[in-house]
Amino acid sequence: ICHEFERFSTYLPDIKVAVFYGGVNIKVHKDLLKNECPHIVVGTPGRILALTRDKDLSLKNVRHFILDECDKMLESLDMRRDVQEIFKMTPHDKQVMMFSATLSKEIRPVCKKFMQDPMEIYVDDEAKLTLHGLVQHYIKLSEMEKNRKLNDLLDALDFNQVVIFVKSVNRAAELNKLLVECNFPSICIHSGMSQEERLTRYKGFKEGHKRILVATDLVGRGIDIERVNIVINYDMPDSADTYLHRMCSTRLVLRTSEHILSRDLSSNQLNESIAGPREV
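For the sequence shown, my numbering assigns the number -4 to the initial residue and increments by one for each residue that follows.
Printed below as a string of structure tokens:
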């Protein structure tokens, strides 16, 4: 998000943008605030709250309060408390905006508590999960068939970069190890790594040092890599919402791309919620 703001402000040289998140020494962020005085602050609730509590970041002049992936931020009670505390430090007459590709009926009333006379904008039909610009396929496989089929696909497909989603930390590590042993240029990212290591690996993948990323849903939201033109769900997502975030987060809805579901033989529910995948 910070990079996008920097891109938007190319012709606004007087606008400064800064990003703050955990895993980085807080002194670095305090020095940045002191020396740069950014106009736009992008960050995680925990780090933003820590900076405001220490009086390093003042929110008294905030004009726009924005939550991206608001469903996840407000579903977690701990994160919601942080957001509420930050919210109370901002002016009453600010504009509040919230964004998410998926927003449940249960979380909507929570979102509205932060707003006055809110307006909801839907960009697609909620009744059907539709991903425009994607060529989607699924393959019926048993668990024992997945590795061989994945190897066959990676050998046969013409790709720039690939993201492969799995369901757990162990699965990510094991699959990445297997791919490396098979001489595929693979790297993995999961929650078992430190924030610093995850960022280093993400940067390396984005810069093209590796062509295959094995990941858990930790990176199902927020990943932004333009070269990715193939996404493979090695493990089926647990819901249509998770599927949507996996796909939207890679910008795939903006260009024609391939998406492949590695689908368990007994799994039918998700496929019925997704518009357009063809069996291969």
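Here a beta-carbon is modelled for each residue, glycine too, at the ideal position from N, C-alpha and C.
If you're wondering where the values come from, they're calculated on a predicted model, not measured in any experiment.
Beta-carbon proximity of residue i to residue j, cut-off 8 Å
{"i": "Cys65", "j": "Cys32", "result": "no"}
{"i": "Ile35", "j": "Glu70", "result": "no"}
{"i": "Val91", "j": "Phe60", "result": "yes"}
{"i": "Asn352", "j": "Val226", "result": "This structure gives no information on residue 352, because the portion of the chain shown stretches from -4 to 275."}
{"i": "Arg42", "j": "Gly17", "result": "yes"}
{"i": "Asp77", "j": "Leu129", "result": "no"}
{"i": "Ala168", "j": "Ala210", "result": "no"}
{"i": "Phe15", "j": "Leu46", "result": "yes"}
{"i": "Met74", "j": "Pro40", "result": "yes"}
{"i": "Pro86", "j": "Lys55", "result": "yes"}
{"i": "Cys(-3)", "j": "Val37", "result": "yes"}
{"i": "Leu52", "j": "Leu28", "result": "yes"}
Residue span of the beta strand (DSSP E) that contains residue i, given as start and end
{"i": "Ala168", "result": "Premise fails: Ala168 lies in the alpha helix (DSSP H), Val164 to Glu176, not in any beta strand (DSSP E)."}
{"i": "Leu148", "result": "From DSSP, Leu148 is part of no beta strand (DSSP E) but of the alpha helix (DSSP H) over Lys141 to Ala151."}
{"i": "Ile134", "result": "Leu129 to Leu136"}
{"i": "Ser181", "result": "Ser181 to Ile184"}
DSSP-derived helix/strand/coil call for residue i
{"i": "Ile81", "result": "helix"}
{"i": "Val248", "result": "Confidence in Val248 is poor, its pLDDT being 40 and thus under 50, which makes the residue's placement unreliable; the coordinate value appears in the next sentence. Note: Val248 maps to helix in three-state DSSP."}
{"i": "Gly38", "result": "strand"}
{"i": "Val161", "result": "coil"}
{"i": "Lys205", "result": "coil"}
{"i": "Thr237", "result": "helix"}
Cβ-heavy atom distance, residue i to the ligand MG, below 7 Å
{"i": "His185", "result": "Of ligands this structure carries none, so the ligand MG is not represented either."}
Start and end residues, alpha helix (DSSP H) containing residue i
{"i": "Tyr229", "result": "First-last for Tyr229: undefined, no H or E at that position."}
Pairing CB atoms from the segment 174 to 184 with CB atoms from the segment 199 to 208, are three or more of them under 8 Å?
-> yes
Enumerated in chain order, which unbroken segments of the alpha helix (DSSP H) with a length of 4 residues or greater are wholly contained in the segment 40 to 123?
-> If we require 4 residues or more, the alpha helix (DSSP H) runs fully inside the segment 40 to 123 come out as 40 to 48, 65 to 70, 72 to 83 and 103 to 107.
4 or more residues per run - each alpha helix (DSSP H) lying fully within the segment -4 to 39 = -3 to 3 and 21 to 31
Between the segment 234 to 241 and the segment 86 to 101, are three or more C-beta pairs nearer than 8 Å?
-> yes
Three or more C-beta pairs below 8 Å linking the segment 184 to 193 and the segment 133 to 153 = no
Assess, as a yes-or-no matter, whether the segment 156 to 176 is touched by the segment 226 to 235 under the definition of 3 or more beta carbon pairs within less than 8 Å.
-> yes
Would you be able to state if there are at least three C-beta pairs under 8 Å between the segment 186 to 201 and the segment 139 to 148?
-> no
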